[in-house]
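Undergrad: Heads up, the sequence shown is in the numbering used here, so the first residue is 2 and it goes up one at a time. By construction, the Cβ of each residue, glycine as well, lies at the ideal position given by its N, Cα and C atoms. None of these values were measured; they are calculated from a predicted model. For reference, the structure I am asking about is given below.
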Amino acid sequence: METLKTGKLLRVPVAVGLPILFLVGTIFIITNYTTISNKATPVLGSPSLRNKTLRVSSMTAREVITVRWHNKPSYISTATMVAWFSSCNYSCQYTEGNNSQILLFDVYTLGKPPKRISPEQIWVFYNVESPHITASHTWRDPSWYGLFNRTMSYRLDSDVDARYGYFVKRRNPLRKNRTEVMQYKTKMAAIIRSNCKTPGRREDYLKLLRKYIPVDSFGRCEKLSCPKGTYCNIDKKYKFYLAFENSFCKDYATEKYFRAEGWDLVTVARGGANYSLLAPEKSYILTSDFKSVKELAEYLIYLDKNDTAYMEYLEKKWKYEVSSMFVHESAYVKRWCNFCEQAHSWLKENNNHSYGHIKEWYETDKCHKPTDLH
């Protein structure tokens with residue numbers, strides 16, 4: 002863009018000069034207004050931060066924030082953390098050094114609180130399991146009171162959204178041949194489970210459902226098993242997949258659900274999440290929409306006999322691309338880039354935000370017993 006230099010006198014006839022000066026002044030005003038209007042504003046990527054005002058800071062997206070795990074989960078390596086951060090628009094660097102700006106705590110194996118290296122270090126409560134399943138309940142100990150500054154979990158009200166999967170609407174929906182999709186679907190329903198006795202009484206609901214329809218159960222709880230990573234072609238052989246969670250807890254929908262939403266079958270979901278906040282409407286069936294297990298079974302039998310009605314669910318799915326934890330690398334990248342973006346906003350805020358007793362946020366009144374076993 003060219004600019005006008007000061008200190009030089011332009012000699013033009015008066016009759017021409019006034020229109021030119023008016024035009025130059027107009028361009029100057031518009032240019033400066035556009036420059037001001039296009040200044041970067043903070044991006045509020047997490048639902049929990051949308052209504053918060055960020056303080057002005059000189060920090061930019063390219064300034065590096067250092068991050069370290071206090072107790073790294075077994076399924077995460079230093080190499081994967083480095084790789085995930087390298088894909089983000091905001092700059093975060095994973096380090097094994099002690100002087101990180103942000104310290105992550107995996108609540109699943111939490112011990113006693115370490116010594117904080119500085120008041121400015123941000124401690125993040127990280128957990129992707131329900132309170133019922135978390136192995137260590139050390140976070141209930143009063144010694145953790147007021148120590149966590151931020152949260153990162155499957156909960157939609159977390160400071161960092163770490164849900165198990167994401168939907169992105171396709172520009173062009175998938176077009177698949179109905180005959181090819183349906184020709185190998187000779188079996189009714191399947192489920193994969195590794196916890197055989199659950200707080201949500203999944204096993205009891207399954208027992209009731211089997212009174213009306215056949216269900217094949219894969220995993221540790223029964224004899225059927227799949228070679229690791231194959232899922233026994235469930236998506237091709239079965240019409241329904243039962244995405245039944247182990248607990249009824251707020252927002253708790255795991256890879257069981259998101260993985261199935263990427264398959265060419267109808268997902269039947271049972272859990273404590275509000276699925277309408279997680280997935281497109283009519284891309285799944287909710288057990289809670291039925292008055293009884295028998296009523297659900299009757300509807301599944303109806304769909305089994307009516308290909309047109311059945312295919313409506315699949316056609317809805319084909320409008321979206323799904324990425325799920327433990328299946329798609331893109332889901333991990335999105336999770337940790339969400340984290341990195343929010344980490345930058347925390348340092349911009351430069352405040353002493355902290356949770357009192359994390360139990361109140363994470364556990365109290367967040368789970369309930371099932372009421373659908375009839």
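Just grab the DSSP bridge partners of Tyr127 for me.
TA: Tyr127 pairs with Asp107 and Met153.
Undergrad: Cβ atoms of Asn196 and Cys227: under 9 Å apart, would you say?
TA: No, the pair does not count as a contact, with Cβ atoms beyond the cut-off.
Undergrad: Between the Cα of Glu322 and those of Gly166, Gly220 and Asn352, spot the shortest distance and give me the residue it belongs to.
TA: The candidate whose alpha carbon is nearest that of Glu322 is Gly166.
Undergrad: Please confirm if the region 231-238 is in contact with the region 273-285, defined as three or more CB-CB distances below 8 Å between the two stretches.
TA: Cβ pair count under 8 Å is below three, so no.
Undergrad: Which whole-angstrom value is the C-beta distance of His354 and Asn150, which I expect to be below 8 Å?
TA: With a Cβ gap of about 6 Å, His354 and Asn150 count as contacting.
Undergrad: Hey, Leu266 and Tyr300: beta-carbon distance below 9 Å or not?
TA: It is not a contact, given that the beta carbons lie outside the stated cut-off.
Undergrad: So, is Gly273 buried or exposed, given that buried needs 16 or more other C-beta atoms within 10 angstroms?
TA: With 16 or more Cβ atoms within 10 Å of its Cβ, Gly273 is classed as buried.
Undergrad: What does the alpha-carbon distance come out to for the pair Thr110 and Arg211?
TA: Straight-line Cα distance between these residues: approximately 36 Å.
Undergrad: Closest by CA to Ser325, which one among Glu313, Ser293 and Leu279?
TA: Per the Cα distances, Leu279.
Undergrad: Go ahead and pull the three-state DSSP assignment for Thr35.
TA: Here the model assigns Thr35 a pLDDT of 35, short of 50, so the residue's position is not dependable and the matter cannot be decided.
Undergrad: Compute the Euclidean distance between the alpha carbons of Lys360 and Ser144, then round it to the nearest angstrom.
TA: Approximately 12 Å, taken between the alpha carbons.
Undergrad: Just to confirm the assignment, what range does the alpha helix (DSSP H) spanning Val334 have?
TA: Unbroken alpha helix (DSSP H) run through Val334: Glu330 to Glu350.
Undergrad: Take every Cβ of the region 73-93, pair it with every Cβ of the region 337-352, and state whether three or more of those distances are shorter than 8 Å.
TA: Yes, the region 73-93 touches the region 337-352.
Undergrad: For Ser331, I'd like the list of residues in its chain whose CB is within less than 6 Å of its CB, leaving aside the five on either flank, ordered along the chain.
TA: Only Ser324 meet the Cβ criterion.
Undergrad: Strictly by DSSP, which residues pair up with Phe241?
TA: DSSP, once it has assigned bridges, lists Ala190 and Val267 as partnering Phe241.
Undergrad: Please state whether the Cβ-Cβ distance between Asn247 and Pro200 is less than 9 Å.
TA: Yes.
Undergrad: Between the alpha carbons of Met153 and Phe245, how many angstroms are there, rounded?
TA: Going from the Cα of Met153 to the Cα of Phe245 covers about 23 Å.
Undergrad: So does the region 307-323 actually touch the region 247-258, counting three or more Cβ pairs closer than 8 Å?
TA: Short answer: they don't touch.
Undergrad: For Ala191, count neighbouring C-beta atoms within 10 Å of its own C-beta (all shown protein chains included) and say buried if the count is 16 or more, exposed if not.
TA: Result: buried.
Undergrad: In chain order, what are the residue ranges of uninterrupted alpha helix (DSSP H) at least 4 long that sit wholly in the region 161-230?
TA: Runs of the alpha helix (DSSP H) inside the region 161-230: 179-183 and 203-210.
Undergrad: Under 9 Å, do Leu225 and Asp217 count as touching if we go by C-beta distance?
TA: Contact flag set, yes.
Undergrad: Rounded to the nearest angstrom, what separates Leu105 and Asn99 at their Cα positions?
TA: Computed Cα separation, rounded: 12 Å.
Undergrad: Kindly indicate which three-state DSSP category Leu374 falls into: helix, strand or coil?
TA: Three-state result, Leu374: coil.
Undergrad: Express the C-alpha separation of His329 and Phe168 in angstroms, rounding to a whole number.
TA: Whole-angstrom Cα-Cα distance: 12 Å.
Undergrad: Please determine, among Lys367, Val294 and Met183, the residue with the shortest C-alpha to C-alpha distance to Asp308.
TA: Asp308 has its Cα closest to that of Met183, out of Lys367, Val294 and Met183.
Undergrad: Nearest to Leu175 by alpha carbon, out of Ala163, Trp264, Ile118 and Gly220?
TA: The candidate whose alpha carbon is nearest that of Leu175 is Trp264.
Undergrad: Counting C-beta neighbours from all protein chains within 10 Å, is the total for Tyr76 16 or more, i.e. buried, or is it exposed?
TA: Under this definition Tyr76 is an exposed residue.
Undergrad: Please confirm whether any heavy atom of the ligand FAD lies closer than 8 Å to the CB of Trp337.
TA: Inclusion of the ligand FAD in the displayed structure is not the case, the ligand content being empty and no account of it being possible.
Undergrad: Determine whether the beta carbon atoms of Lys170 and Lys320 lie at a separation below 9 Å.
TA: Yes, these two residues count as a Cβ contact at 9 Å.
Undergrad: According to DSSP, is Leu287 helix, strand or coil?
TA: Note: Leu287 maps to strand in three-state DSSP.
Undergrad: Buried or exposed: which applies to Arg268, given that a residue is buried once 16 or more other Cβ atoms fall within 10 Å of its Cβ?
TA: What sits at residue 268 in the sequence shown is Thr, not Arg. Counting Cβ neighbours within 10 Å, Thr268 comes out buried, since at least 16 surround it.
Undergrad: Using only CA atoms, which one of Ile193, His138, Asp205 and Ser289 lies nearest to Tyr363?
TA: Answer by Cα proximity: His138.
Undergrad: Under DSSP, the alpha helix (DSSP H) around Asn260 begins and ends at which residues?
TA: Note that residue 260 is Arg in the sequence shown, not Asn. Residues Glu256 to Glu262.
Undergrad: Sort Gly147, Arg141, Phe126 and Asp142 by Cα distance to Tyr155 and report the nearest one.
TA: Tyr155 has its Cα closest to that of Phe126, out of Gly147, Arg141, Phe126 and Asp142.
Undergrad: Going by CA-CA distance only, name the one from His133, Leu304, Arg202 and Ala270 that's closest to Ser289.
TA: Of the listed residues, the one whose Cα sits closest to Ser289 is Ala270.
Undergrad: Applying the criterion that 16 or more other CB atoms from any shown protein chain within 10 Å of the CB defines a buried residue, is Leu243 buried or exposed?
TA: Burial call: buried.
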